Amino acid sequence: MNLTHPYEDITTVYYALAAVLLPLFAFLVNVCLPGKRNKISGWVSTLAILISTVLSVLVFAGIWNREPLHVQTLWFTIGATKLYAGILLNNLSALMLLLVSLVALPVHIYSTAYMGHDENYKRYFSYLSFFCFSMLALVVVDNMFLFYAFWELVGFSSYLLIGFWFTKSKAVQANKKAFIMNRIGDVGLLVAIIILFTYYHTADIVQLFGDNAAVKATQISALWQSIACVGIFLGVAAKSAQFPLHTWLPDAMEGPTSVSALIHAATMVAAGVFLLGRVYPMFNSAELDILAIIGCFTAFMAATIALTQNDLKRILAYSTISQLGFMIMAMGIGAYASSLFHLATHAFFKCLLFLIAGIVIHQMQHIKDDNNLDIDPQDIQHMGGLRKKLPVTFIAAVIGSLALIGIPLTSGYLSKDGILVQAFEWSDSKSWVYRLVPIFALLAGLLTAFYIARLIVKVFFGELRLLKHHPHLKIHLGDGGWQYRIPLILLAICCFFPLFSINPVIYEQSWIVGGLKQNIILDRLDIYHTIIPVGATILNVFVMYFAYNMYVKRKTFAFPQTGFLYNLSYHEWYIDKFYNTVIVKPIMALSKTASWFDKYVIDGFINLLKNTVLILSKIAAFIDKYIIDGLLHLLTAIVQQIGNFARNFQSGKIQYYLFSMLVIVLALFIYFLF
Amino acid sequence: MISMTDFLIVSAALFCIGLYMVVSKNNAIQILIGIELMLNAAVLNLVAFGKFDRFTNGGQMFALFAIVLAAATTAVALAIILNVYRRYKTIDPNKVDKLRD
Numbered sequence: 014m015n016l017t018h019p020y021e022d023i024t025t026v027y028y029a030l031a032a033v034l035l036p037l038f039a040f041l042v043n044v045c046l047p048g049k050r051n052k053i054s055g056w057v058s059t060l061a062i063l064i065s066t067v068l069s070v071l072v073f074a075g076i077w078n079r080e081p082l083h084v085q086t087l088w089f090t091i092g093a094t095k096l097y098a099g100i101l102l103n104n105l106s107a108l109m110l111l112l113v114s115l116v117a118l119p120v121h122i123y124s125t126a127y128m129g130h131d132e133n134y135k136r137y138f139s140y141l142s143f144f145c146f147s148m149l150a151l152v153v154v155d156n157m158f159l160f161y162a163f164w165e166l167v168g169f170s171s172y173l174l175i176g177f178w179f180t181k182s183k184a185v186q187a188n189k190k191a192f193i194m195n196r197i198g199d200v201g202l203l204v205a206i207i208i209l210f211t212y213y214h215t216a217d218i219v220q221l222f223g224d225n226a227a228v229k230a231t232q233i234s235a236l237w238q239s240i241a242c243v244g245i246f247l248g249v250a251a252k253s254a255q256f257p258l259h260t261w262l263p264d265a266m267e268g269p270t271s272v273s274a275l276i277h278a279a280t281m282v283a284a285g286v287f288l289l290g291r292v293y294p295m296f297n298s299a300e301l302d303i304l305a306i307i308g309c310f311t312a313f314m315a316a317t318i319a320l321t322q323n324d325l326k327r328i329l330a331y332s333t334i335s336q337l338g339f340m341i342m343a344m345g346i347g348a349y350a351s352s353l354f355h356l357a358t359h360a361f362f363k364c365l366l367f368l369i370a371g372i373v374i375h376q377m378q379h380i381k382d383d384n385n386l387d388i389d390p391q392d393i394q395h396m397g398g399l400r401k402k403l404p405v406t407f408i409a410a411v412i413g414s415l416a417l418i419g420i421p422l423t424s425g426y427l428s429k430d431g432i433l434v435q436a437f438e439w440s441d442s443k444s445w446v447y448r449l450v451p452i453f454a455l456l457a458g459l460l461t462a463f464y465i466a467r468l469i470v471k472v473f474f475g476e477l478r479l480l481k482h483h484p485h486l487k488i489h490l491g492d493g494g495w496q497y498r499i500p501l502i503l504l505a506i507c508c509f510f511p512l513f514s515i516n517p518v519i520y521e522q523s524w525i526v527g528g529l530k531q532n533i534i535l536d537r538l539d540i541y542h543t544i545i546p547v548g549a550t551i552l553n554v555f556v557m558y559f560a561y562n563m564y565v566k567r568k569t570f571a572f573p574q575t576g577f578l579y580n581l582s583y584h585e586w587y588i589d590k591f592y593n594t595v596i597v598k599p600i601m602a603l604s605k606t607a608s609w610f611d612k613y614v615i616d617g618f619i620n621l622l623k624n625t626v627l628i629l630s631k632i633a634a635f636i637d638k639y640i641i642d643g644l645l646h647l648l649t650a651i652v653q654q655i656g657n658f659a660r661n662f663q664s665g666k667i668q669y670y671l672f673s674m675l676v677i678v679l680a681l682f683i684y685f686l687f
Numbered sequence: 559m560i561s562m563t564d565f566l567i568v569s570a571a572l573f574c575i576g577l578y579m580v581v582s583k584n585n586a587i588q589i590l591i592g593i594e595l596m597l598n599a600a601v602l603n604l605v606a607f608g609k610f611d612r613f614t615n616g617g618q619m620f621a622l623f624a625i626v627l628a629a630a631t632t633a634v635a636l637a638i639i640l641n642v643y644r645r646y647k648t649i650d651p652n653k654v655d656k657l658r659d
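Respectively, the protein sequence lines represent chains Y and G. Here this note's numbering is used: position 594 in the first sequence is 607, and no number is missing along the way. Here this note's numbering is used: position 79 in the second sequence is 637, and no number is missing along the way.
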């Protein structure tokens with residue numbers, strides 16, 4: 014080990030290392046445990062992540078706003094190039110370490126109950142621990158190659174967990190889709206890493222992107238720099254579900270809901286944003302502008318899609334895509350700190366919302382099973398009136414939704430309005446076209462308020478819509494045991510402002526923004542800082558009231574269920590269909606052609622060859638059997654005949670001997686006579 | 559007067575009868591009789607040709623000698639036949655074919 018910064022106390026590093034390795038240890042223990050539904054596995058994983066969380070808190074306390082810790086050891090040497098591997102603990106990685114373990118802990122507790130009746134309980138927790146290990150390692154490694162390895166591992170564990178119920182064909186399709194989409198991004202990231210390594214001869218994150226960033230100090234040719242940035246962006250877009258690679262995330266909801274909460278809402282999908290945070294110095298201003306536009310577009314598009322979806326988890330998935338779009342946009346407009354701040358706040362409230370969705374779906378499943386109904390338990394059109402049956406869940410859902418919308422006093426307000434304010438400031442210095450970015454972001458925010466209000470209202474208010482069609486349902490619902498309540502309460506508390514800022518209305522005073530700012534002066538320079546939060550809040554409240562009226566009171570008009578805009582939203586902007594037509598179908602056609610070619614031409618040729626050889630060998634066998642063997646048989650037959658002929662003389666009958674002797678003597682006599 | 563040729567014809571006929579018996583009969587005694595007939599044919603020949611040796615009577619002497627020898631061999635042959643019968647319970651030479659390969 015060598016310390017780049019001489020530091021007396023490296024206990025923190027050991028804590029971080031232990032925090033990372035404990036879930037791996039839990040994974041290994043779980044793999045070795047006997048039985049498919051071994052209840053111990055859940056507690057092993059939960060205990061590991063609990064200790065990891067405690068250690069992460071210690072690491073965080075030791076690192077935050079202090080000198081970064083960077084410990085590395087020689088990994089391997091190729092020629093003259095030495096590659097070091099190690100742990101980099103700065104504000105960003107300490108924050109992520111804490112965030113991941115803090116979100117993973119409630120999800121583990123929740124899972125012990127949520128997956129309790131699954132017959133593959135042990136496999137679930139093995140995968141979950143493996144994911145936690147990969148994710149925690151991803152945030153602390155200091156080397157781009159190691160980063161890439163763990164980047165792949167989180168993708169792989171996500172693949173395993175999406176396809177956890179691999180007997181469902183939809184789940185298999187979804188995990189295949191996620192895997193392929195992520196593969197596109199991974200190739201991009203690998204290309205970017207290789208380009209960087211080629212130019213700078215190091216994969217060390219500190220040397221590349223640290224204080225004296227190599228990417229700033231020496232410029233590489235513009236073309237390669239662009240390719241590297243596009244590669245990084247592809248990686249980010251695939252992992253964080255940004256347009257055009259976002260379509261896997263809604264399908265990934267086929268996995269268990271607790272997995273969706275941890276991986277596809279809070280942690281793994283944030284890895285893309287985290288990557289941007291790590292490599293931020295390599296982007297130039299033009300590339301950042303493109304990033305902002307794509308992020309904004311994704312945020313808006315996903316929000317419009319979420320408006321009309323009826324699948325509970327799908328709405329939340331699009332909401333996640335939308336919020337990730339916000340983070341990417343924030344990175345693009347230079348709101349580095351706000352982006353990561355939003356990442357942190359979003360992780361808590363979106364995880365909370367997914368856990369709630371899990372409870373609701375479980376209860377609907379119970380109704381379905383108890384009454385033998387043929388309904389989709391995730392369809393919000395069947396739900397309603399659940400607030401009286403599930404009070405704790407209802408309150409947590411309201412808190413989570415308010416945080417998602419960004420109502421004052423919640424964490425979402427601080428982070429989201431921070432991004433909006435900075436977006437308006439950013440567009441001030443640019444041409445009018447760029448003004449569209451903050452405006453669309455604002456619109457996306459309002460749409461968020463509408464769709465989440467629609468969701469809450471449809472699920473929790475009014476009357477249970479199933480009763481209309483099936484009036485005699487047996488219903489006994491409840492919030493569930495403490496494994497359900499404690500995670501909800503824990504996460505709901507994290508949705509409020511005090512965890513992030515002392516001042517509930519001014520985001521600049523949040524400690525996360527303070528700890529991560531990159532030489533950006535966070536003064537309340539202009540009118541935006543006042544007008545936007547206030548305006549956005551008022552509009553949000555208005556939109557929520559509108560949605561409440563529309564779906565509960567039925568006072569206002571209902572939206573038409575036809576028309577171009579409705580269809581566009583309902584069919585998810587036809588992106589999946591577009592991919593299907595433009596990419597999937599031609600590839601399928603191509604592979605069918607290739608398969609045909611393989612089957613009939615190549616195999617045909619081989620079969621022809623086979624048949625030729627077969628016929629030839631049959632001929633050879635015929636020749637061998639009837640001609641060569643025939644000759645031999647003939648020879649033996651002749652010899653046998655001769656032998657038999659000779660045997661006849663040895664008949665053992667004396668008179669016969671005598672007679673033959675007589676014949677021969679007579680013959681000789683006659684012969685000599687003439 | 560009986561000529562020399564008549565003796566030889568009778569002797570040849572005797573010999574052929576003997577030979578035929580030896581080759582065709584199924585009974586060892588009859589075969590033995592055949593052999594005796596052939597021997598007697600030879601003896602007849604010896605006696606017939608003995609007229610050319612009137613002083614020493616070599617032919618007559620040799621005929622007597624052959625008759626004595628024939629009696630001896632017949633005794634031996636009968637003993638063999640008796641033993642064959644004891645062993646095989648038959649004297650049909652076709653059934654005593656242990657000599658074959």
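A virtual CB, placed ideally from N, CA and C, is assigned to each residue, including glycine. Quick caveat, the model's predicted, so the values are computed rather than measured.
Since residue 652 (chain G) meets chain Y, which of its residues come closer than 8 Å, beta carbon to beta carbon?
666, 668, listed in chain order.
Buried or exposed, going by whether 16 or more other CB atoms sit within 10 Å of the CB of residue 646 (chain G)?
Burial call: exposed.
Based on the DSSP output, what are the partners of residue 83 (chain Y) in its beta bridges?
Per DSSP, Y:101.
Closer than 8 Å by beta-carbon distance: list the chain G residues that pair up with residue 675 (chain Y), in chain order.
Within chain G, the residues near residue 675 (chain Y) are 577, 581.
Within the chosen definition, does the stretch 591–610 of chain G reach the stretch 573–580 of chain G through at least 3 CB pairs nearer than 8 Å?
They touch, by the three-pair rule.
In this structure, what does DSSP give as the bridge partners for residue 383 (chain Y)?
In the DSSP output, where bridge partners are listed per residue, residue 383 (chain Y) has none listed.
Under the rule that 16 or more other beta-carbon atoms within 10 Å means buried, what is residue 299 (chain Y), buried or exposed?
The residue is exposed, with fewer than 16 neighbouring Cβ atoms inside 10 Å.
Please identify the residue among Y:650, Y:80, Y:310, Y:484 whose C-alpha is closest to the C-alpha of residue 342 (chain Y).
For residue 342 (chain Y), the nearest C-alpha among the options comes from Y:310.
Can you tell me which of the three DSSP states residue 23 (chain Y) falls into?
The answer is coil: DSSP assigns residue 23 (chain Y) none of H, G, I, E or B.
Under 7 Å between beta-carbons, which chain G residues line up against residue 682 (chain Y)? List them in chain order, please.
Going along chain G, no residue has its Cβ under 7 Å from residue 682 (chain Y), so there is no contact; the nearest lies around 14 Å.
Is it a yes or a no for the stretch 256–266 of chain Y touching the stretch 188–201 of chain Y, going by three-plus beta-carbon pairs under 8 Å?
Short answer: they touch.
Helix, strand or coil for residue 154 (chain Y)? Go by DSSP, reduced to three states.
Reduced to three states, the DSSP call for residue 154 (chain Y) is strand.
Decide if residue 592 (chain G) is buried, meaning its Cβ has at least 16 other Cβ atoms within 10 Å, or exposed.
Looking at its Cβ environment, which holds 16 or more other Cβ atoms inside 10 Å, residue 592 (chain G) is buried.
Exposed or buried, which one is residue 614 (chain Y) when buried takes at least 16 other CB atoms within 10 Å?
Exposed, since its Cβ has fewer than 16 Cβ neighbours within 10 Å.
If you reduce the DSSP assignment to three classes, tell me which class residue 91 (chain Y) lands in.
Three-state DSSP puts residue 91 (chain Y) in a strand.
Within 10 angstroms of its Cβ, does residue 683 (chain Y) collect 16 or more other Cβ (buried), or is it exposed?
Residue 683 (chain Y) is exposed by the Cβ-count criterion.
Under three-state DSSP, which class holds residue 650 (chain G)?
Residue state, collapsed to three classes: coil.
With residue 508 (chain Y) as the anchor, note down where its alpha helix (DSSP H) starts and where it stops.
Element bounds for residue 508 (chain Y): n/a, residue is neither H nor E.
Taking 7 Å as the limit between beta carbons, can you name the residues of its chain near residue 115 (chain Y), skipping five residues before and five after?
Result list for residue 115 (chain Y): 66, in chain order.
Confirm, please, whether the CB-CB distance from residue 202 (chain Y) to residue 164 (chain Y) is below 8 Å.
Cβ atoms of residue 164 (chain Y) and residue 202 (chain Y): closer than 8 Å.
Short of 7 Å in beta carbon distance, which residues of its chain neighbour residue 210 (chain Y), apart from the five on each side in sequence? Order them along the chain.
Within the same chain, residue 210 (chain Y) has close Cβ partners 216.
Is the Cβ-Cβ distance between residue 545 (chain Y) and residue 354 (chain Y) less than 8 Å?
No.
Check the DSSP bridge columns for residue 423 (chain Y) and list the partner residues they point to.
DSSP, once it has assigned bridges, lists Y:509 as partnering residue 423 (chain Y).
At the 8 Å Cβ level, is residue 635 (chain Y) part of the contact set with chain G, yes or no?
No, residue 635 (chain Y) does not count as interfacial toward chain G.
With contact counted as at least three CB pairs below 8 Å, one residue from each stretch, are the stretch 483–501 of chain Y and the stretch 397–404 of chain Y in contact?
The answer is yes - the stretch 397–404 of chain Y touches the stretch 483–501 of chain Y, with three or more Cβ pairs under 8 Å.
Just to confirm, is the Cβ distance from residue 173 (chain Y) to residue 33 (chain Y) under 8 Å?
Against a cut-off of 8 Å, the Cβ pair of residue 33 (chain Y) and residue 173 (chain Y) comes out as no contact.
Answer yes or no: does any C-beta atom of chain G fall closer than 8 Å to that of residue 672 (chain Y)?
Yes, residue 672 (chain Y) counts as interfacial toward chain G.
Does the separation of the CB atoms of residue 124 (chain Y) and residue 147 (chain Y) fall below 8 Å?
No, the Cβ-Cβ distance between residue 124 (chain Y) and residue 147 (chain Y) is not below 8 Å.
Give me the residue from Y:591, Y:213, Y:471, Y:365 with the minimum Cα distance to residue 94 (chain Y).
If we check each option's Cα against that of residue 94 (chain Y), Y:213 comes out closest.
Please tell me whether residue 464 (chain Y) and residue 332 (chain Y) are closer than 8 Å, where the distance is taken between their beta carbons.
Their beta carbons are under 8 Å apart, which means residue 464 (chain Y) touches residue 332 (chain Y) by this criterion.
With DSSP collapsed to three states, give me the class of residue 415 (chain Y).
The answer is helix: DSSP assigns residue 415 (chain Y) an H, G or I state.
Buried or exposed, going by whether 16 or more other CB atoms sit within 10 Å of the CB of residue 221 (chain Y)?
Result: buried.
Should residue 380 (chain Y) and residue 391 (chain Y) be called a contact, given that it needs their Cβ atoms to be closer than 8 Å?
In this structure, residue 391 (chain Y) does not lie closer than 8 Å to residue 380 (chain Y) by Cβ.
From which residue to which residue does the alpha helix (DSSP H) around residue 205 (chain Y) run?
That run of the alpha helix (DSSP H) goes 182–213.
Hey, quick one: how far does the alpha helix (DSSP H) through residue 465 (chain Y) stretch, first residue to last?
Its alpha helix (DSSP H) spans residues 449–473.
Considering only C-alpha positions, which residue in the set Y:139, Y:305, Y:362, Y:597 is nearest to residue 419 (chain Y)?
Closest option to residue 419 (chain Y), Cα to Cα, is Y:362.
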